[in-house]
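J.: Using the working numbering, the first residue of the sequence shown is number 37, and each one after it goes up by one. Note that beta-carbon positions come from the ideal geometry of N, C-alpha and C, so glycine has one too. Got a structure here, written out as structure tokens. Questions coming.
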Amino acid sequence: MGEAWEIVDRDDAVSIVENGPLKGETLRELVEFYGKDLIGDHFNGGKFPLLVKIIDAGKRLSLQVHPYEAACARTPGIEPKTEMWYIIQADKGAKIIAGLRNNTTKVQFLQNVASPEVERTLQIFDSIPGDAYFIKAGKVHAIGAGNLLLEIQQNSNTTFRISDWGRVDANGKSRELHVDAARDCIDFTDRTVPRISGPCDSTDRNRKYPVVNTCPFFKVEDLRLVENWRDNTNSTSSFHIITAINEPVTVGRDDRTVELKAGSSCLIPAAFGLYHIFVPAGKHTTVVKTTL
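So this is what it looks like as structure tokens:
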């Protein structure tokens, strides 16, 4: 698996400004110095609230769960994590696992967790580029082989591995599992369908589609662009994270721009104001915008 942390503010990894007058500064330093001007009205101190990744799954990843708020209150030292996946590319036959089937009981899941039969208890979806998955904290999930996706999540790194599908390494040793901890973090009442189908209509004008708009931790929009796009951070009172999905774009305004290749992201401060996304002429360009 390949995993790139595009925007991160953790103790063990932090983003660094690549250009402009603040080149070389860390995201942590920017948060501490600029605060609300960077984050927006939701700034309450602490670290940058989100972590943005690109995940390239060459093989099926482990079945896992992230803790929800109540579970974290019971167990010191763990962090809640709700996340969203946006499918960038998918090989033929690629799958996404997210959530338990409606007819699966807690007992059935736990009885089969160490068996191949556990797959019968899970919601499994065909991967389609442009689709998204909202993975609430407490929902079991796994990324199937052949998926390239954007992950937007709360700034947390707590993961409990439930199953690694019986795999062992060259020495016959299996990966560490956290079944007991995971059991206390799974929300067995959540049977919502996490799939958010992407737009299927072709358009000759710019369109904006809401992807996640009721989550308290982040909001995500899918921009389908055929010409340059004008936006303003003042309209959301939040930073904007722009991720180029299928084509390179240029983001900024006359006095300051940055070029993004496909799969790259940039962070626009909440106080930045008006900016443009400049897209390649004659191309249907997809961009994902994330705010608080």
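1) Which of the three DSSP states, helix, strand or coil, is assigned to F69?
2) Taking 9 Å as the cut-off, decide whether the C-beta atoms of T118 and K172 are in contact.
3) Is the separation between the beta-carbon of I198 and that of N264 shorter than 9 Å?
4) Among residues of its own chain, excluding the 5 on either side of E212, which ones have a beta-carbon nearer than 8 Å to its beta-carbon?
5) Based on the DSSP output, what are the partners of M120 in its beta bridges?
6) Excluding sequence positions up to five away, which residues of its chain have a Cβ less than 6 Å from the Cβ of W121?
7) Give the straight-line distance between the Cα atoms of D127 and G180, rounded to the nearest whole angstrom.
8) Taking I133 as the reference, give the member of S192, R156, G208 and V323 with the closest Cα.
9) In chain order, what residues of the same chain lie with their CB nearer than 8 Å to the CB of K95, ignoring the 5 residues before and after it?
10) Assuming C251 is part of the alpha helix (DSSP H), what are its boundary residues?
11) Buried or exposed: which applies to K244, given that a residue is buried once 16 or more other Cβ atoms fall within 10 Å of its Cβ?
12) Would you kindly work out how many angstroms separate the C-alpha atoms of G81 and K209, rounded to a whole number?
13) Would you identify the three-state DSSP class for S98, choosing helix, strand or coil?
14) What does I278 pair with, by DSSP beta-bridge criteria?
15) Return the residue from the list D223, V324, V53 and V248 that minimises the CA-CA distance to E105.
16) Quick check: what's the CA-CA separation for T141 versus R46?
17) How many angstroms separate the CA atom of I43 from the CA atom of N268?
18) Which residue comes first and which comes last in the beta strand (DSSP E) that contains R219?
19) Where does E61 fall in DSSP's three states?
T.: Taking the coordinates as given:
1) As a first step, residue 69 is located in the sequence shown; it is residue number 33 there, counting from the start. Helix at F69.
2) Against the sequence shown, residue 118 aligns to sequence position 82. Against the sequence shown, residue 172 aligns to sequence position 136. T118 is a Cβ neighbour of K172, given a cutoff of 9 Å.
3) Against the sequence shown, residue 198 aligns to sequence position 162. Against the sequence shown, residue 264 aligns to sequence position 228. Result no, Cβ atoms of I198 and N264 do not sit closer than 9 Å.
4) On the sequence shown, residue 212 is found 176 positions in, with the first residue counted as 1. Within the same chain, E212 has close Cβ partners R197.
5) Position 84 of the sequence shown holds residue 120. For M120, which the question treats as bridged, DSSP gives the partners F170 and I188.
6) Counting from one through the sequence shown, the residue named residue 121 turns up at place 85. Closer than 6 Å at Cβ, skipping near neighbours: Y169, L185 and E187.
7) Numbered from its first residue, the sequence shown carries residue 127 at position 91. Numbered from its first residue, the sequence shown carries residue 180 at position 144. Whole-angstrom Cα-Cα distance: 10 Å.
8) On the sequence shown, residue 133 is found 97 positions in, with the first residue counted as 1. Closest option to I133, Cα to Cα, is R156.
9) Walking along the sequence shown from the start, residue 95 turns up at place 59. If we look at K95 and ignore the five residues flanking it on each side, its Cβ neighbours are M37 and A181.
10) Here residue 251 refers to the residue found at position 215 when the sequence shown is read from its first residue. Where C251 is concerned, there is no enclosing alpha helix (DSSP H), given that its DSSP letter is neither H nor E.
11) Along the sequence shown, read from residue 1 onward, the residue named residue 244 stands at position 208. Exposed, since its Cβ has fewer than 16 Cβ neighbours within 10 Å.
12) As a first step, residue 81 is located in the sequence shown; it is residue number 45 there, counting from the start. As a first step, residue 209 is located in the sequence shown; it is residue number 173 there, counting from the start. Spanning the two alpha carbons is a distance of roughly 43 Å.
13) In the sequence shown, counting from the first residue as 1, residue 98 sits at position 62. Of the three classes helix, strand and coil, the one that applies to S98 here is coil, per DSSP.
14) Position 242 of the sequence shown holds residue 278. According to DSSP, I278 bridges with C302 and K325.
15) Along the sequence shown, one-based indexing puts residue 105 at 69. If we check each option's Cα against that of E105, D223 comes out closest.
16) Along the sequence shown, one-based indexing puts residue 141 at 105. Along the sequence shown, one-based indexing puts residue 46 at 10. Spanning the two alpha carbons is a distance of roughly 37 Å.
17) As a position in the sequence shown, residue 43 is number 7, starting the count at 1. As a position in the sequence shown, residue 268 is number 232, starting the count at 1. Rounded to the nearest angstrom, the gap between the Cα atoms of I43 and N268 is 20 Å.
18) Taking the sequence shown and counting its residues from 1, the one referred to as residue 219 is at position 183. Not the beta strand (DSSP E): R219 falls in the alpha helix (DSSP H), residues V215 to R219.
19) Here the question's residue 61 lines up with position 25 in the sequence shown. Here E61 sits in coil by DSSP.
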